[in-house]
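Enquirer: Next up is a structure, given as structure tokens.
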């Protein structure tokens, strides 16, 4: 065989191997296997188990669930502590958690699906679909400590919302008085008795915190995206996500409001209290379970509304890691996943953590040394207000989901220990 034919054969074999492996990943069902089968150490993962249990034993956490998948299979899946301390209810692997801002990634994928269908472009102005956003305003500080309201320099785009550069916060900033008067502050929507689109339209009349595209401002951006999905798709947000993402991925325990037959599985929220924990009042005023159970069931918050399990969320993340497909169900294309998981911001506009940028719904690691934590460049993830976190590490073919119910976290160091103890368990 001559050199030319040899080169073609090698190229063919490499391509075949790549697509064969990608096909295998997309066909996997996230089954639990011995850690060694996917290059992790059972013995070394015991450090993780012992550490998590210590947080519960020392009343730093009520409990939680940690799931680690590698190469399309689950190497570690552990529930620790209690889901309800007062009733001595053990945490279970299928316990349900409020995932708050982890809702954002799922809704962002929903937007990208609509772009793939030709129903919108992320470069479009939001006002094309929600006319209330055609012209918006910004509150700018004055020397006397007050503020003036000026016109935005340009229309807010869908991409601005995806990257949190629209200038729209959570009702704080120097014009917080106007947001408070309009009764739009904070990320909690479960107690609201108006549809999300109506709330979002009222937001459009209020002054935002910075000019579009100039600064990362974390806020209602993804709630607006959820309302945008309703307008463009012609369906309520919960129905669209159920039909287009949740059902195809088998995310059967992910809901905006909990079905009555699942109430007992919802973990209670706690807060630090001296050397103990106490039940935390929900932002809507209810203690323990909040209005995700007993609320009006009208407001579908694309920014912070979902309840879910570790397994359900792992399915979503594995789909992303697989390039948009899981179990033969394609949600989005590999190129869309690529666009979502690269940095879109300058360092000046996203001074959050060194070496980290932000894509379309996810933070993205660009410089591992600058960040200073174990992981990989190209890793993407985020977290939620109730002290949950997740990440996807494409280099290591790794998916991590960590759910707890603690607010505020009181400076707890469990997230960094989780990361250290997972990576130290990789052995090939």
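Residue numbers (my numbering): 1 to 428.
Idealized CB from N, CA, C, for every residue including glycine.
Since we're looking at a predicted model, the values are computed, not measured.
1. Indicate whether residue 319 and residue 249 have their beta-carbon atoms separated by less than 7 Å.
2. So, for residue 256: in the same chain, excluding its five sequence neighbours on each side, which residues have a beta-carbon less than 6 Å away from its beta-carbon?
3. Let me know the secondary structure DSSP gives residue 26 once reduced to three states.
4. I need the straight-line Cα distance from residue 25 to residue 66, nearest angstrom please.
5. Looking at residue 114: is its Cβ nearer than 7 Å to the Cβ of residue 121?
6. Using the C-alpha atoms, what's the distance from residue 374 back to residue 97?
7. First and last residue of the alpha helix (DSSP H) that includes residue 179?
8. Please determine, among 359, 358, 354, the residue with the shortest C-alpha to C-alpha distance to residue 367.
9. Tell me which same chain residues have a C-beta within less than 7 Å of the C-beta of residue 220, skipping the five on either side of it?
10. Given residue 27, which residues of its chain have a CB within under 8 Å of its CB, disregarding the five upstream and five downstream residues?
11. Is the separation between the beta-carbon of residue 399 and that of residue 321 shorter than 7 Å?
12. Would you check if the region 180 to 199 and the region 138 to 148 touch, i.e. whether three or more CB-CB distances between them fall below 8 Å?
13. Please state whether DSSP places residue 202 in a helix, a strand or coil.
14. Please classify residue 395: does DSSP put it in a helix, a strand, or coil?
15. Is the distance from the Cβ of residue 207 to the Cβ of residue 176 below 7 Å?
16. Residue 418 to residue 231, Cα distance in whole Å?
17. What's the C-alpha gap between residue 332 and residue 117?
18. Does the Cβ-Cβ distance between residue 360 and residue 162 come in under 7 Å?
19. Go ahead and pull the three-state DSSP assignment for residue 138.
20. Can you tell me which of 396, 394, 346, 421 puts its alpha carbon nearest to the alpha carbon of residue 430?
21. Mind reading off the beta-carbon distance from residue 254 to residue 307? Whole number of angstroms is fine, and I expect it under 8 Å.
22. Look at the alpha carbon of residue 30 and the alpha carbon of residue 390, and state the distance between them as a whole number of angstroms.
23. Measuring CB to CB, does residue 186 end up less than 7 Å from residue 209?
24. Going residue by residue through the region 218 to 246, where are the continuous alpha helix (DSSP H) segments of at least 4 residues, counting only ones entirely within it?
25. To the nearest angstrom, how far is it from the Cα of residue 158 to the Cα of residue 111?
26. Straight-line CA distance for residue 379 to residue 102?
27. Which same chain residues end up closer than 7 Å to residue 151 when comparing Cβ atoms and leaving out the 5 residues on each side of it in sequence?
28. Inspect the beta-carbon positions of residue 341 and residue 362 and report whether they are closer than 7 Å.
29. Using only the alpha-carbon positions, how far apart do residue 275 and residue 386 sit?
30. Return the bridge partner residues of residue 115 from the DSSP annotation.
31. Under a Cβ-count criterion, where at least 16 other Cβ atoms within 10 Å of its own Cβ denotes burial, should residue 490 be classed as buried or exposed?
32. Can you name, in chain order, every residue of its own chain whose Cβ lies under 7 Å from the Cβ of residue 407, other than the five neighbours on each side?
33. Grab me the residues of residue 160's own chain with a C-beta within less than 7 Å of its C-beta, minus the 5 sequence neighbours each way, in chain order.
34. Please go through the region 34 to 71 and give each complete alpha helix (DSSP H) segment of 4 or more residues, from N-terminal end onward.
35. Going by DSSP in three states, residue 21 sits in which element: helix, strand or coil?
36. Would you say residue 71 and residue 397 are within 7 Å of each other, going by their C-beta atoms?
Expert: To lay it out plainly:
1. Residue 319 sits at position 319 when you count from the first residue of the chain shown. Residue 249 sits at position 249 when you count from the first residue of the chain shown. Cβ distance < 7 Å, so residue 319 and residue 249 count as in contact.
2. Walking along the chain shown from the start, residue 256 turns up at place 256. Once the five neighbours on either side are set aside, the close Cβ partners of residue 256 are 238, 300, 305.
3. On the chain shown, residue 26 is found 26 positions in, with the first residue counted as 1. Note on residue 26: pLDDT 46, under 50, position unreliable in the model; no value is reported.
4. Translated into the one-based positions of the chain shown, residue 25 becomes position 25. Translated into the one-based positions of the chain shown, residue 66 becomes position 66. Unreliable placement is indicated for residue 25, whose pLDDT of 46 sits below 50; no coordinate value is reported for it.
5. Here residue 114 corresponds to residue number 114 of the chain shown, with the count starting at 1. Here residue 121 corresponds to residue number 121 of the chain shown, with the count starting at 1. In this structure, residue 121 does not lie closer than 7 Å to residue 114 by Cβ.
6. As a first step, residue 97 must be located in the chain shown, where it is residue number 97. As a first step, residue 374 must be located in the chain shown, where it is residue number 374. The alpha-carbon atoms of residue 97 and residue 374 are separated by roughly 26 Å.
7. Position 179 of the chain shown, counted from the first residue, corresponds to residue 179. Looking at the DSSP string, the run of the alpha helix (DSSP H) that includes residue 179 is 176 to 181.
8. Locating residue 367 in the chain shown gives position 367, counting from the first residue. Of the listed residues, the one whose Cα sits closest to residue 367 is 354.
9. Here residue 220 refers to the residue found at position 220 of the chain shown. So the qualifying residues of the chain are 168, 170, 203, 303.
10. Position 27 of the chain shown, counted from the first residue, corresponds to residue 27. Residue placement at residue 27 is poorly supported in this model, since its pLDDT is 47, which falls under 50; the coordinates are not used for a value here.
11. For this step, residue 399 is matched to residue 399 along the chain shown. For this step, residue 321 is matched to residue 321 along the chain shown. Going by C-beta atoms, residue 399 is nearer than 7 Å to residue 321.
12. no
13. Against the chain shown, residue 202 aligns to sequence position 202. Note: residue 202 maps to helix in three-state DSSP.
14. Counting from 1 along the chain shown, the entry for residue 395 is found at position 395. The answer is coil: DSSP assigns residue 395 none of H, G, I, E or B.
15. Here the question's residue 207 lines up with position 207 in the chain shown. Here the question's residue 176 lines up with position 176 in the chain shown. Not a contact, by the Cβ cut-off of 7 Å.
16. For the purposes of this step, residue 418 is taken as residue 418 along the chain shown, with counting starting at 1. For the purposes of this step, residue 231 is taken as residue 231 along the chain shown, with counting starting at 1. Rounded to whole angstroms, the separation of the alpha carbons of residue 231 and residue 418 is 40 Å.
17. Counting from 1 along the chain shown, the entry for residue 332 is found at position 332. Counting from 1 along the chain shown, the entry for residue 117 is found at position 117. Computed Cα separation, rounded: 10 Å.
18. By 1-based counting over the chain shown, the position of residue 360 is 360. By 1-based counting over the chain shown, the position of residue 162 is 162. Going by C-beta atoms, residue 360 is nearer than 7 Å to residue 162.
19. By one-based count along the chain shown, residue 138 stands at place 138. It is a strand residue.
20. Nothing can be reported for residue 430, as the shown portion of the chain is limited to 1 through 428.
21. By 1-based counting over the chain shown, the position of residue 254 is 254. By 1-based counting over the chain shown, the position of residue 307 is 307. At roughly 7 Å, the Cβ-Cβ gap stays under 8 Å, so residue 254 and residue 307 are in contact.
22. To locate residue 30, count along the chain shown from 1; it is residue 30. To locate residue 390, count along the chain shown from 1; it is residue 390. Roughly 16 Å between the two C-alpha positions.
23. Counting from one through the chain shown, the residue named residue 186 turns up at place 186. Counting from one through the chain shown, the residue named residue 209 turns up at place 209. In this structure, residue 186 sits away from residue 209, with a CB-CB distance that is not shorter than 7 Å.
24. Within the region 218 to 246, the complete alpha helix (DSSP H) runs of at least 4 residues fall at 221 to 233, 237 to 241.
25. Within the chain shown, residue 158 is the residue found at index 158, counting from 1. Within the chain shown, residue 111 is the residue found at index 111, counting from 1. Straight-line Cα distance between these residues: approximately 9 Å.
26. As a position in the chain shown, residue 379 is number 379, starting the count at 1. As a position in the chain shown, residue 102 is number 102, starting the count at 1. In a straight line, the C-alpha of residue 379 is about 16 Å away from that of residue 102.
27. Within the chain shown, the letter at position 151 stands for residue 151. For residue 151, where only same-chain residues beyond five positions count, the Cβ hits under 7 Å are 135, 137.
28. Taking the first residue of the chain shown as 1, we reach residue 341 at position 341. Taking the first residue of the chain shown as 1, we reach residue 362 at position 362. Yes. Within cutoff.
29. Working through the chain shown from its first residue, we reach residue 275 at position 275. Working through the chain shown from its first residue, we reach residue 386 at position 386. Near 19 Å, if we compare the C-alpha coordinates of residue 386 and residue 275.
30. For the purposes of this step, residue 115 is taken as residue 115 along the chain shown, with counting starting at 1. Bridge partners of residue 115: none, in fact.
31. Absent from the structure is residue 490, since the part of the chain shown begins at 1 and ends at 428.
32. Locating residue 407 in the chain shown gives position 407, counting from the first residue. Taken in chain order, the residues that qualify are 269, 271, 280, 385, 386, 387.
33. Residue numbering aside, residue 160 sits at position 160 when the chain shown is read from its first letter. Contacts found: 166, 212, 213.
34. 42 to 57
35. Numbered from its first residue, the chain shown carries residue 21 at position 21. No answer about residue 21 holds up, because its pLDDT of 48 lies below 50 and its placement is not dependable.
36. Taking the chain shown and counting its residues from 1, one reaches residue 71 at position 71. Taking the chain shown and counting its residues from 1, one reaches residue 397 at position 397. Cβ distance < 7 Å, so residue 71 and residue 397 count as in contact.
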